[in-house]
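Chemist: Residue numbers (the numbering used here), protein chains in the order written: chain A, 27 to 300; chain B, 1490 to 1867.
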Amino acid sequence: MPEAFLEKYLRLENLPTIWCAGCGLGTDMRSIVKAFDTLELDPDMTVLVSGIGCSSRMPAYVDVNTVHTTHGRAIAFATGIKLANHDLTVVVVSGDGDAAAIGGNHLIHACRRNINITLVVLNNSNYGMTSGQYSPLTPQGSVATTAPYGNVEQSWDLCDLARASGATYVARSTTFHYELITKLVTKGIEHKGFSFIEVITQCPTYFGRFNLAGSPTDMLKYQKTHSIRIERSDGTEEAITIGELYKREAREYCDHYDELIVRAKELKAEMSED
Amino acid sequence: MGDARVQLLQGNEACAEGALAAGCRFYGGYPITPSSEIAEIMAFRLPQEGGKFVQMEDEIGSIASIIGASMAGVKAFTATSGPGYSLMMENIGYACVTEIPIVIVNVMRCGPSTGQPTATGQGDLMQARWGTHSDHPAITLAAASGQEMYDLTAKAFNLSEKFRMPVTMLSDAVVGHIRERVVLHSPDEIGIVQRKLADESADEYVPMDVDDSHIPALANLGSKHHPYYTGLVHSGKGFFTSKPEEVEYFIRRLSLKVEKHKDELIDVEELGTDDCEVCLVSFGVSGRAAINIAQRMRDAGKKVGHLRLKTVWPFPDEVIKSIAAKCHTFVVPEMNLGQLKLEVERAACGEAKVIGVNNISGSMITTHEIYDVVKEFV
Ligand SMILES: Cc1ncc(C[n+]2csc(CCOP(=O)(O)OP(=O)(O)O)c2C)c(N)n1
Ligand code: SF4
Ligand SMILES: [Mg+2]
Chain A
27 MPEAFLEKYL
37 RLENLPTIWC
47 AGCGLGTDMR
57 SIVKAFDTLE
67 LDPDMTVLVS
77 GIGCSSRMPA
87 YVDVNTVHTT
97 HGRAIAFATG
107 IKLANHDLTV
117 VVVSGDGDAA
127 AIGGNHLIHA
137 CRRNINITLV
147 VLNNSNYGMT
157 SGQYSPLTPQ
167 GSVATTAPYG
177 NVEQSWDLCD
187 LARASGATYV
197 ARSTTFHYEL
207 ITKLVTKGIE
217 HKGFSFIEVI
227 TQCPTYFGRF
237 NLAGSPTDML
247 KYQKTHSIRI
257 ERSDGTEEAI
267 TIGELYKREA
277 REYCDHYDEL
287 IVRAKELKAE
297 MSED
Chain B
1490 MGDARVQLLQ
1500 GNEACAEGAL
1510 AAGCRFYGGY
1520 PITPSSEIAE
1530 IMAFRLPQEG
1540 GKFVQMEDEI
1550 GSIASIIGAS
1560 MAGVKAFTAT
1570 SGPGYSLMME
1580 NIGYACVTEI
1590 PIVIVNVMRC
1600 GPSTGQPTAT
1610 GQGDLMQARW
1620 GTHSDHPAIT
1630 LAAASGQEMY
1640 DLTAKAFNLS
1650 EKFRMPVTML
1660 SDAVVGHIRE
1670 RVVLHSPDEI
1680 GIVQRKLADE
1690 SADEYVPMDV
1700 DDSHIPALAN
1710 LGSKHHPYYT
1720 GLVHSGKGFF
1730 TSKPEEVEYF
1740 IRRLSLKVEK
1750 HKDELIDVEE
1760 LGTDDCEVCL
1770 VSFGVSGRAA
1780 INIAQRMRDA
1790 GKKVGHLRLK
1800 TVWPFPDEVI
1810 KSIAAKCHTF
1820 VVPEMNLGQL
1830 KLEVERAACG
1840 EAKVIGVNNI
1850 SGSMITTHEI
1860 YDVVKEFV
């Protein structure tokens, strides 16, 4: 018997997933819906939106209102959804290619708007779905199908980008730290504004195999040994900083828009009195 | 005081008012000449009605945002011109496959690429039909006046709601910017159509459960039925399928929605098509010059007719066929290199000659240009 929260938040009839054995995405999904359970989110009023990629297949398995959109566009769809109905809790899951490459423009502008959406980027350092090409988050020097001699491009620190773009909640975890994912997603959903959460996850089938990262377990161990909690970091380590990286309160977009509506209606009423 | 419903409006203003009258409460857009006034007016007017306007980062985001808003149950639209329309294509296909009602207004400019932004043209006729990849249905209307910018925009909303699909309304730089008398018909006069919704009191909802109409009921986001929308080919339950028979059925059904209701969708304006020897066929703004010629030549006793398509897609094959059986020549004036002409030829099946009059200069096609051709055939 699966745990009760999985029964509540998963479409068990759609399992097994399409994900490879040892892929991090199953663990990530479990941690995300665990956050839904922690917050006791009403599935009828929760929307999970994704783009295209292995990670973006997640909404097919999650038993809330779900939208599997086009490659890179999930955040733009989510913007329309949230603006149209503020009462919906809107969460987006996106791959590193989906969010940072083809969808990069939507990402930075959603951060800038500070709209109350929670974005979880499942960063497996490559394009899993299309069999291992490099993404903007593939480390320089790593091998990918389109970087057979090693990736010559610099990679992004997406958390830095999100923060610089105006996101008011920025956090990072790895799949190894699966409980931390739940904590951060919970906090992210609770936070009023645009919440950005990066999850470093493993794609053993492509990135792992091409870069001799060993078994899925070895990849998880790597995540464990190469990350450091923000509380313990002095900022100088060569490690993945995890935890809540940044948080600030700022006016949220939908709230701001509601105020604007009040003003527009008042003005219209005044104008018709004249 | 005159009737407040009769106003002197710019075509783009009329379009915005038509959308509001039809119940539109969301606009996602990106500025582009010659459509920008629509965004500007919506930014001003929507909040007055409790609606939302968002200027997205590009047209891909614009169309994504309106599909999202519509999924959440709010009637939504965007307006653009050629370059922006090109950027929207992928997600127009997505709205076809997920069967989400949205309206796209394309205020056409002249030429390919950046073309002539401030000049008029009608070069996006085929793009409105085939712009997004693979087989998909299309409903496209074409406005020739300020009044039609109002009426047909409202109609586009109704059709999108009824057929659960994107509807494009084509206009152009001239119709978008011309100021004309427009009667602002009330929502009652328009007859507002709302999408057929999933029954929230029922225990079960099968997303693709369709009756003879081939149009399934829609579960807005925020539904107890937990809909799953995907651009993947999907089966009855809404999830991905690769079973050949389900794939075949799904793709065919999307087009059947339009095919089956063609009679209801076709909307044409006819002058003398019963007895004409030469029939002008037009859509949108070029119809204004065409009808002028047809009327004047008729007044002079010539058997000239005019057919103007207010619905361009689906194409009125049957109407063309029946006229082809009577006339000997079609003359097709249009501000492109012969896109409508191709369709008229196809539908006429060799029963009548089809002659094009094409102006791609960026200025309005003139009555003289058309007359010079028509007179050769009467
Ligand atoms: C417009 C468009 N371009 C390209 C593709 C092909 N494509 C599908 S998924 C994908 C990359 C996915 O990578 P990522 O977002 O990192 O997700 P992952 O599969 O790694 O989870 C690409 C390029 C597409 N579906 N649509
Ligand atoms: S290809 Fe990689 S990301 Fe995709 S399911 Fe397999 S392991 Fe996971
Ligand atoms: Mg990836």
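A virtual CB, placed ideally from N, CA and C, is assigned to each residue, including glycine.
Is residue 89 of chain A close to chain B, meaning its C-beta is less than 7 angstroms from at least one C-beta of that chain?
Modeler: Yes - at least one Cβ of chain B is within 7 angstroms of the one on residue 89 of chain A.
Chemist: Heavy atom of ligand 2 less than 6 angstroms from the Cβ of residue 45 of chain A, yes or no?
Modeler: The answer is yes for residue 45 of chain A.
Chemist: Put residue 252 of chain A into one of helix, strand or coil per three-state DSSP.
Modeler: Three-state result, residue 252 of chain A: coil.
Chemist: If you follow the beta strand (DSSP E) that residue 1772 of chain B is part of, which residue opens it and which one closes it?
Modeler: Start and end: 1767 to 1772.
Chemist: Ignoring anything shorter than 4 residues, give me the alpha helix (DSSP H) runs that lie fully in the region 1669 to 1701 of chain B, in order along the chain.
Modeler: Counting whole runs of 4 or more residues, the region 1669 to 1701 of chain B contains the alpha helix (DSSP H) stretches 1676 to 1679.
Chemist: Got a sec? Which residues, its chain only, sit under 6 angstroms from residue 58 of chain A by beta carbon, not counting five neighbours each side?
Modeler: Cβ neighbours of residue 58 of chain A beyond the five flanking positions: 211.
Chemist: In the DSSP assignment, find the alpha helix (DSSP H) that holds residue 55 of chain A and state where it starts and stops.
Modeler: Element bounds for residue 55 of chain A: 51 to 64.
Chemist: Write down the C-beta distance between residue 73 of chain A and residue 116 of chain A rounded to the nearest angstrom, noting that I regard them as a contact closer than 8 angstroms.
Modeler: Contact flag correct, Cβ pair sits at about 5 angstroms.
Chemist: Spatial neighbours of residue 1841 of chain B within its chain, please: CB distance less than 7 angstroms, with the 5 preceding and 5 following residues excluded, ordered by chain position.
Modeler: Around residue 1841 of chain B: 1813, 1816, 1817, 1818, 1819.
Chemist: What residues are listed by DSSP as bridge partners for residue 1594 of chain B?
Modeler: Beta-bridge pairing links residue 1594 of chain B to B/1568, B/1658.
Chemist: Just the C-alpha distance for residue 1856 of chain B and residue 1779 of chain B, rounded to the nearest angstrom, thanks.
Modeler: Their backbone Cα atoms lie some 7 angstroms apart in a straight line.
Chemist: Can you check whether the CB of residue 1724 of chain B is closer than 7 angstroms to the CB of residue 1735 of chain B?
Modeler: Taking 7 angstroms as the Cβ cut-off, residue 1735 of chain B and residue 1724 of chain B qualify as a contacting pair.
Chemist: Is there at least one Cβ from chain A nearer than 7 angstroms to residue 1621 of chain B's Cβ?
Modeler: Judged by the 7 angstroms Cβ criterion, residue 1621 of chain B is not in contact with chain A.
Chemist: How should residue 174 of chain A be labelled, buried or exposed, when 16 other C-beta atoms within 10 angstroms of its C-beta is the threshold for buried?
Modeler: Residue 174 of chain A comes out exposed.
Chemist: Can you tell me which residues form a DSSP beta bridge with residue 226 of chain A?
Modeler: According to DSSP, which records beta bridges pairwise, residue 226 of chain A is partnered with A/149, A/200.
Chemist: Over what stretch of residues does the beta strand (DSSP E) that includes residue 1463 of chain B continue unbroken?
Modeler: Any property of residue 1463 of chain B remains undetermined from this structure, which presents chain B solely from 1490 to 1867.
Chemist: Are the region 113 to 127 of chain A and the region 194 to 205 of chain A in contact at 8 angstroms, needing three or more beta carbon pairs?
Modeler: No, because fewer than three Cβ pairs between the region 113 to 127 of chain A and the region 194 to 205 of chain A fall closer than 8 angstroms, the two stretches do not touch.
Chemist: For residue 85 of chain A, which residues of its own chain have a beta-carbon under 6 angstroms away from its beta-carbon, when the five flanking residues on both sides are left out?
Modeler: Result list for residue 85 of chain A: 74, 76, 92, 94, in chain order.
Chemist: Mind checking which residues open and close the alpha helix (DSSP H) that includes residue 1862 of chain B?
Modeler: Unbroken alpha helix (DSSP H) run through residue 1862 of chain B: 1856 to 1863.
Chemist: So, do the region 101 to 112 of chain A and the region 131 to 139 of chain A have three or more beta carbon pairs nearer to each other than 8 angstroms?
Modeler: Enough Cβ pairs lie closer than 8 angstroms, so yes.
Chemist: Report the CB separation of residue 147 of chain A from residue 125 of chain A in whole angstroms; it is logged as a contact under 8 angstroms.
Modeler: The pair is a contact, with the Cβ atoms about 5 angstroms apart (cut-off 8 angstroms).
Chemist: State buried or exposed for residue 178 of chain A, treating a residue as buried only when at least 16 other CB atoms are found within 10 Å of its CB.
Modeler: Per the 10 Å Cβ criterion, exposed.
Chemist: Within 8 angstroms, do at least three Cβ pairs link the region 238 to 246 of chain A to the region 182 to 191 of chain A?
Modeler: Verdict: no, contact absent.
Chemist: Pick out the complete beta strand (DSSP E) segments inside the region 1741 to 1794 of chain B, 3 residues or longer, and give them in chain order.
Modeler: Listed in chain order, they are 1757 to 1760, 1767 to 1772.
Chemist: Who are the Cβ neighbours of residue 1681 of chain B in its own chain at under 6 angstroms, not counting the five residues just before and after it?
Modeler: Same-chain partners within the cutoff: 1512.
Chemist: Could you compute how far the alpha carbon of residue 1833 of chain B sits from the alpha carbon of residue 1757 of chain B?
Modeler: Near 14 angstroms, if we compare the C-alpha coordinates of residue 1757 of chain B and residue 1833 of chain B.
Chemist: What is the residue span of the beta strand (DSSP E) that residue 94 of chain A lies within?
Modeler: Residue 94 of chain A -> beta strand (DSSP E) spans 91 to 94.
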